[in-house]
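This report concerns only the one structure given below.
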Amino acid sequence: MLALLCIVSAGPSLASDPFVALKMSRLPVGSTAAPFELTTLEGKVVKSSEFAGKVVLVNFWATWCGPCKEEMPSLARLQKQLDPAQFTLLTITTDLQRQGIAHFLTQLGISLPVLFDEDQDVSRSFMVRGLPTTIVIAKDGALAGRAVGPRTWDSPEAVAMIRQVMESGK
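Just so we're aligned, residue 309 is where the sequence shown starts under our numbering, counting upward by one.
Next up, the structure:
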């Protein structure tokens with residue numbers, strides 16, 4: 309009896325796709341980030357337009373969210389690995405406990421930009437339903453990917469995904 313083996317190629321290997329490796333959803337072509345303006349832990353107003361031309365990773369979290377706390381150190385390590393001229397990392401919280409957040413970051417020994425979404429308008433515009441939720445925004449403002457739940461953001465797969473978005477421009 310003769311057995312035939314048929315190999316079908318569907319393009320690049322799924323294993324080589326960092327979005328798949330991270331279990332991140334790609335967002336529909338044409339989806340763009342809504343502009344926002346939020347205040348930092350230090351009281352400075354930050355506008356999303358300041359990050360035009362950069363890849364932006366936006367992480368929605370809360371101090372009461374255990375998985376959020378677990379992934380924070382990996383976000384800080386990711387931030388240190390990438391060129392700030394091409395990449396910005398933002399964390400957004402609806403928590404109002406500024407002193408508690410400052411203490412939390414000090415305890416972890418990390419420094420991350422924390423923005424306050426007091427009215428939850430930005431969380432709603434990004435359709436945040438669970439925490440942590442992370443959105444990757446391409447240089448042109450297009451929404452590139454979404455992850456719900458914690459990730460190891462300084463993993464080789466995460467760095468590869470960010471670099472892919474940087475290189476593709478989308």
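Even glycine gets a Cβ: it sits at the ideal position worked out from N, Cα and C.
- Taking 3 residues as the minimum length, the beta strand (DSSP E) runs contained wholly in the segment 423 to 474 are 441 to 445, 451 to 456, in order along the chain.
- For I409, the enclosing alpha helix (DSSP H) has its first and last residue at 406 to 416.
- L386: member of the alpha helix (DSSP H) spanning 374 to 389, first to last residue.
- For F395, the enclosing beta strand (DSSP E) stretches over residues 395 to 401.
- If you draw a 10 Å sphere on the C-beta of Q387, you find 16 or more other C-beta atoms in it, and that means buried.
- Counting C-beta pairs closer than 8 Å gives fewer than three between the segment 326 to 334 and the segment 376 to 385, which falls short of the contact rule.
- In this structure, D425 is the residue among I445, L416, D425 with its C-alpha nearest to the C-alpha of L346.
- It is roughly 5 Å from the alpha-carbon of M332 to the alpha-carbon of R454.
- In the three-state reduction of the DSSP assignment, S333 falls in the strand class.
- Take the alpha-carbon of V337 and the one of F434: they are about 15 Å apart.
- Residues V363, L365, L386, L390, F395, V444 of the same chain have their beta carbon placed closer than 8 Å to that of I470, with the five preceding and five following residues left out of the count.
- In the structure shown, E350 falls within a coil segment according to DSSP collapsed to helix, strand and coil.
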